[in-house]
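Novice: Sequential numbering from 4 applies to the sequence shown in our numbering.
Cβ atoms here follow ideal geometry from the backbone N, Cα and C, with glycine treated the same way.
Nothing here was measured: the structure is a model prediction, and the numbers come from that model.
Just passing along the structure, written as structure tokens.
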Amino acid sequence: MEGEEEGARLSIYKAARSIKRRDNSLYNALRSIYQDSIFVSEISLLWPQLPLLANLRCGLWYSRSFHSTCYFKSTDGHTNNCSFSTARLNLHVAQLAGQKGGCIIVDSTRRGKRFPDSMSKTIPIWTCVFNRAIKDFRDSNGCDENVREWDCSLHLPLWVSQTERASIEKRLEEWTLLLKASGADIASLAACLRKPLRPLWISQRTVIWLNEVPHHESWDFTPIILVSASSSVGVSQHGTTSEFSWNYIPGAGDDEESWARGLSPVLFWKHVYDLINSGPDVCNQKVADIVEKSRVNRAYRGESAPQITVKTLKSASLTQEEPSVTYDASIVKTDAESSEDSGLSWLGSTNLAVGTSRIAADAANVDCILNCDQESISVCLPSAESYLHLPMMTSKFDRFSLLTNLPKAVSFAKFNLSQGKRLVVCCNNGEDISVCVCLAILMSLFDENGTFDDGKSFDAAQVTKWDMRRRLVYLCKFATDARPSRGNVRQVFNFLIGGKCVHDLDLGRDE
């Protein structure tokens, strides 16, 4: 009897899991994203002068085109664990808002909340800390204009508790000092921002009277409009067309590795109407065809084009389960379509640039290339000695890959930069490994002002975690897409201090 009850429970469990997988199908995800994108488009049209930014990576799915991207992590705004990250300063967002009079940031969440923590707390903390640092700079430099009216208050949404607000306010001074000590260019921000930054929150439940939408210049602050793309209803929504039905998934763009099957936001928007009109029965095959065609096109051009691996799970007793997919997330950035608008990021006057391997292969005015991608690239350079291929893997797959290759990388950079040559460091996505290699080169061969000194300042000083943070802030000022992982940054620090065991290092959550 007990065996029969256990079997019945297992059958119910399998059936529930199967229904959940069916509801979270690929077609439902794409249809939900398309539905939410209509809302995002409507909001952006209310303030057409303001640039639209995607908060990576989820936000990138919700519009056909964005002005640029930003990277505010929800983990920096988790309840009772809020922080201010010098590794994710998003200086370009503040500068863009100052130039344009504000900006609109798009993100989403599938946790049943109206807004992700990145919008509820991470960005409000960011705006407050920046406002305080700018006010302090103006006070200390005798800039009396608008200083007294400069709002440095912490603006949080109503659903954040008073206890948590008090906890955050206690740390604002600490975070402001951290920002000022990080080497961030507060002077340029103070020059371009005429009004203090302030977040505003808009979701699908927000009521907006279209005949009373204020012009962004009428506000006495620089608006950072936070748009949560998805509906926050707690119950399942069911959509129906004349041909088929579908289930709505809040925050469907989140965790794309688990559902997208290699499809990138750029590929999705290129084929959006074909996919949406295909229906749930043939959507999976259409996506597979689109992804494979894109992969073959990249392979013909000599770019990195890894095969998509699809695993078919065991079928449940009620219905066939959805296949899962395992793929390298960097494939999104190696799509030809997604790379067309990206370029090299030259780091000030250092003659050093960072970017993707595809862009580096076709770049002009480049004297030498250090390629950290797994695949070699075809280049046209003056001599064979001008190109060095050092395949490196992220710390997720090899904890010592950067550490092993950095001596050769820095030696190659020193040889070429000492002759005044322009060097590009590239990798698959131009965001992580190549950024960390550039960080090691900056620390080893340049002083804090970005002047090449052949390693004199490095030899005369003892590298600290704080030195690394300041130099990373300098790098991110120019490479706004930089998102180095903590494990890779640790390997750079490990290299700079002479090979101390990685297990003994703790660079903190900022890295």
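#1: Once the 5 residues before and after residue 490 are set aside, which same chain residues still bring their CB inside 8 angstroms of it?
#2: So within the region 181 to 265, which uninterrupted beta strand (DSSP E) runs reach at least 3 residues, ignoring any that extend past its ends?
#3: What are the boundary residues of the alpha helix (DSSP H) that residue 390 is part of?
#4: Going by alpha carbons, who is nearest to residue 164 out of 426, 124 and 33?
#5: Excluding sequence positions up to five away, which residues of its chain have a Cβ less than 7 angstroms from the Cβ of residue 498?
#6: Leaving aside the five residues before and after residue 557 along the sequence, list all residues of the same chain whose C-beta is less than 8 angstroms from its C-beta, in chain order.
#7: Residues bridged to residue 359 by DSSP?
#8: For residue 476, which option in 218, 181 and 152 has the closest C-alpha, if you only look at C-alpha atoms?
#9: What residue from 278, 187 and 454 has the CA that sits closest to residue 351's CA?
#10: Between the region 350 to 366 and the region 375 to 390, do three or more beta carbon pairs fall short of 8 angstroms?
#11: Which residues share a DSSP beta bridge with residue 110?
#12: Taking the alpha carbon of residue 417 as the reference point, which residue from 438, 286 and 459 has its own alpha carbon closest?
#13: Going by other Cβ atoms of all chains shown within 10 Å of its Cβ, with 16 needed for buried, is residue 3 buried or exposed?
#14: For the candidate residues 438, 187, 156 and 166, whose alpha-carbon lies nearest to that of residue 521?
#15: Where residue 263 and residue 426 are concerned, what is the direct C-alpha to C-alpha distance, given to the nearest angstrom?
#16: How big is the Cα-Cα spacing for residue 329 and residue 193?
#17: Helix, strand or coil for residue 349, going by three-state DSSP, please let me know.
#18: Report yes if the C-beta distance between residue 112 and residue 254 is below 8 angstroms; otherwise report no.
#19: Can you check whether the CB of residue 53 is closer than 8 angstroms to the CB of residue 101?
#20: Sorted by chain position, which residues of the same chain lie with C-beta nearer than 8 angstroms to residue 158's C-beta, five sequence neighbours on each side aside?
#21: What residue range is occupied by the uninterrupted alpha helix (DSSP H) comprising residue 367?
#22: Where do the N-terminal and C-terminal ends of the beta strand (DSSP E) with residue 73 fall, by residue?
#23: Would the beta-carbon of residue 93 fall within 8 angstroms of that of residue 74?
#24: Residues in the same chain with beta-carbon distance under 8 angstroms from residue 59, minus the five sequence neighbours each way, listed in chain order, please.
#25: Exposed or buried, residue 320, counting other C-beta atoms within 10 Å across all chains shown (16 or more means buried)?
Specialist: Short version:
#1: For the purposes of this step, residue 490 is identified with residue 487 of the sequence shown, where counting begins at 1. Apart from the 5 residues on each side of it in sequence, residue 490 sits with its Cβ closer than 8 angstroms to the Cβ of 397, 398, 399 and 402 in its chain, given in chain order.
#2: Whole beta strand (DSSP E) segments, 3+ residues: 200 to 205, 225 to 231, 241 to 243 and 248 to 250.
#3: Indexing the sequence shown from 1 puts residue 390 at position 387. Run containing residue 390: none in the alpha helix (DSSP H); it sits in the beta strand (DSSP E), 390 to 392.
#4: Position 161 of the sequence shown, counted from the first residue, corresponds to residue 164. Closest by C-alpha distance to residue 164, out of 426, 124 and 33, is 124.
#5: Looking up residue 498 in the sequence shown gives position 495. These residues qualify, in order along the chain: 406, 409 and 443.
#6: Absent from the structure is residue 557, since the part of the chain shown begins at 4 and ends at 514.
#7: As a first step, residue 359 is located in the sequence shown; it is residue number 356 there, counting from the start. Residue 359 is bridged to 430.
#8: Mapped onto the sequence shown, residue 476 falls at position 473. Ranking 218, 181 and 152 by CA distance to the CA of residue 476 puts 181 first.
#9: Counted from its first residue, the sequence shown places residue 351 at position 348. Of the candidates 278, 187 and 454, the one whose C-alpha sits nearest the C-alpha of residue 351 is 454.
#10: Three or more pairs of CB atoms, one per stretch, sit closer than 8 angstroms, so the region 350 to 366 contacts the region 375 to 390.
#11: Position 107 of the sequence shown, counted from the first residue, corresponds to residue 110. Residue 110 pairs with 231.
#12: For the purposes of this step, residue 417 is taken as the residue at position 414 of the sequence shown. Nearest of 438, 286 and 459 to residue 417, Cα basis: 459.
#13: Nothing can be reported for residue 3, as the shown portion of the chain is limited to 4 through 514.
#14: This structure cannot settle anything about residue 521, because the visible part of the chain is limited to 4 through 514.
#15: Indexing the sequence shown from 1 puts residue 263 at position 260. Indexing the sequence shown from 1 puts residue 426 at position 423. Roughly 36 angstroms separates the two Cα atoms.
#16: The residue labelled residue 329 in the question sits at position 326 within the sequence shown. The residue labelled residue 193 in the question sits at position 190 within the sequence shown. Note that residue 329 scores 34 on pLDDT, short of 50, meaning its location in the model is unreliable; the coordinates nonetheless yield the value given after this. Their Cα atoms are separated by approximately 45 angstroms.
#17: Numbered from its first residue, the sequence shown carries residue 349 at position 346. Strand, per DSSP.
#18: Here the question's residue 112 lines up with position 109 in the sequence shown. Here the question's residue 254 lines up with position 251 in the sequence shown. Contact flag set, yes.
#19: The residue given as residue 101 occupies position 98 in the sequence shown. The residue given as residue 53 occupies position 50 in the sequence shown. Result no, Cβ atoms of residue 101 and residue 53 do not sit closer than 8 angstroms.
#20: In the sequence shown, the residue the question calls residue 158 occupies position 155. The beta carbon of residue 158 is closer than 8 angstroms to those of 127, 130, 131, 201 and 202 in its chain, skipping five residues each way along the sequence.
#21: Within the sequence shown, the letter at position 364 stands for residue 367. In this chain, residue 367 is not harboured by any alpha helix (DSSP H), its DSSP state being neither H nor E.
#22: As a working note, residue 73 is residue 70 in the sequence shown. Taken as a continuous stretch (DSSP letters only), the beta strand (DSSP E) holding residue 73 covers 71 to 73.
#23: The residue given as residue 93 occupies position 90 in the sequence shown. The residue given as residue 74 occupies position 71 in the sequence shown. Going by C-beta atoms, residue 93 is nearer than 8 angstroms to residue 74.
#24: By one-based count along the sequence shown, residue 59 stands at place 56. Answer for residue 59: 72, 73, 74 and 486, listed in chain order.
#25: Stepping through the sequence shown from its first residue, residue 320 is reached at position 317. In this prediction, residue 320 has a pLDDT of 33, which is less than 50 and means its spatial position is unreliable; nothing more can be read from the coordinates.
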